[in-house]
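**Student:** The structure is given below, and queries will be raised subsequently.
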Amino acid sequence: MKKIFLAISCASALFFSGCVKNHALTNFEDTQLNVNALQYTKKTDLVVNNEPKIQLFATYLNPVHKNFDKGIETFIVGIYFVNKKEQDLRKYEYKVMLNGEKPLAKPYILSPKSLLVKSLPMKNPWGNYYIFHFPKQKGYDLKLQLVDNIGIEKTNSLKNSLEDQDIKDKKEEKIDKGEHIIQLDFQK
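Note that the numbering used here gives residue 134 to position 106 of the sequence shown, counting from 1, and the numbers run on in steps of one.
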């Protein structure tokens, strides 16, 4: 009887102590903000001639953090200009837009030590992180774009042509984005 009890005790001890906690978020910091942010974080690269030129990371904060104002759309955007010494977005001719609209204010640069940046699931330590606030958007589709001056001209001419044609069925005309527009798609 003692042998059976001892065998069952050893087997159960091995079973419970030998199990490893293994799940998809093992390599991420254990914060609730981080776990929720993973679902609303996107990344894309601008690749020209098979070489990356810009890396764009963005996290949509409204559904992630309850303290963000529901009257505006808030994003943390990380931008890394590959093989460039200067990483400040404002030094280059790029703008960040949401569904073709400009932000409500100039971007605020976040410190790499800020809690918001630390809680992001994907980070590039060489890039800069900014917080952007945009007007509240109707609908569920959000198109966050990094656009240079040529991309802005293309977007404006497309808007003007759609207004001139008075298209009411909201058909979207595709424009050749090339290396002038980088886009991340989010849903509320």
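We put the CB at the ideal spot given by N, CA and C, even for glycine.
Work out the CA separation of L66 and L53 for me, nearest whole Å.
**Tutor:** Within the sequence shown, residue 53 is the residue found at index 25, counting from 1. Within the sequence shown, residue 66 is the residue found at index 38, counting from 1. Because L53 carries a pLDDT of 43, less than 50, the predicted location of this residue cannot be relied on, and the following value inherits that uncertainty. Distance between the alpha carbons of L53 and L66 is about 9 Å.
**Student:** Specify, as a first and last residue, the run of the beta strand (DSSP E) that V175 falls within.
**Tutor:** The residue you call residue 175 lines up with position 147 of the sequence shown. 169-176 is the extent of the beta strand (DSSP E) around V175.
**Student:** Can you tell which of E121, D116, N95, T102 has its C-alpha closest to the C-alpha of T69?
**Tutor:** Here residue 69 refers to the residue found at position 41 of the sequence shown. The residue with the shortest Cα to Cα distance from T69 is T102.
**Student:** Measuring CB to CB, does I210 end up less than 7 Å from H161?
**Tutor:** Translated into the one-based positions of the sequence shown, residue 210 becomes position 182. Translated into the one-based positions of the sequence shown, residue 161 becomes position 133. Taking 7 Å as the Cβ cut-off, I210 and H161 do not qualify as a contacting pair.
**Student:** May I ask you to report which of helix, strand or coil DSSP gives K113?
**Tutor:** As a first step, residue 113 is located in the sequence shown; it is residue number 85 there, counting from the start. If DSSP states are grouped into helix, strand and coil, K113 belongs with coil.
**Student:** Output the boundary residues of the alpha helix (DSSP H) element that contains K217.
**Tutor:** Since the first residue shown for the chain is 29 and the last is 216, residue 217 is missing from the structure and cannot be characterised.
**Student:** According to DSSP, is Q67 part of a helix, a strand, or is it coil?
**Tutor:** Walking along the sequence shown from the start, residue 67 turns up at place 39. Correct three-state label for Q67: helix.
**Student:** Within the continuous beta strand (DSSP E) that includes P80, where are the two ends?
**Tutor:** For the purposes of this step, residue 80 is taken as the residue at position 52 of the sequence shown. Run containing P80: 79-88, per the beta strand (DSSP E) assignment.
**Student:** If the criterion is Cβ atoms closer than 7 Å, does the pair M150 and K71 meet it?
**Tutor:** In the sequence shown, counting from the first residue as 1, residue 150 sits at position 122. In the sequence shown, counting from the first residue as 1, residue 71 sits at position 43. Cβ distance < 7 Å, so M150 and K71 count as in contact.
**Student:** Are D176 and E121 close, meaning C-beta to C-beta below 7 Å?
**Tutor:** Here residue 176 refers to the residue found at position 148 when the sequence shown is read from its first residue. Here residue 121 refers to the residue found at position 93 when the sequence shown is read from its first residue. Cβ distance < 7 Å, so D176 and E121 count as in contact.
**Student:** Name the two residues that bound the continuous beta strand (DSSP E) containing V124.
**Tutor:** Sequence index remark: in the sequence shown, residue 124 carries index 96 (1-based). Its beta strand (DSSP E) spans residues 122-126.
**Student:** Determine the contact status of A86 and L172, defining contact as a CB-CB distance below 7 Å.
**Tutor:** Counted from its first residue, the sequence shown places residue 86 at position 58. Counted from its first residue, the sequence shown places residue 172 at position 144. In contact: A86 and L172 (Cβ atoms closer than 7 Å).
**Student:** Mind checking I36: buried by the 16 CB within 10 Å criterion, or exposed?
**Tutor:** As a working note, residue 36 is residue 8 in the sequence shown. Per the 10 Å Cβ criterion, exposed.
**Student:** Rounded to whole angstroms, how far is the Cβ of N217 from the Cβ of I107, which I believe are closer than 8 Å?
**Tutor:** A question about residue 217 goes unanswered here, because the residues of the chain that appear run from 29 up to 216.
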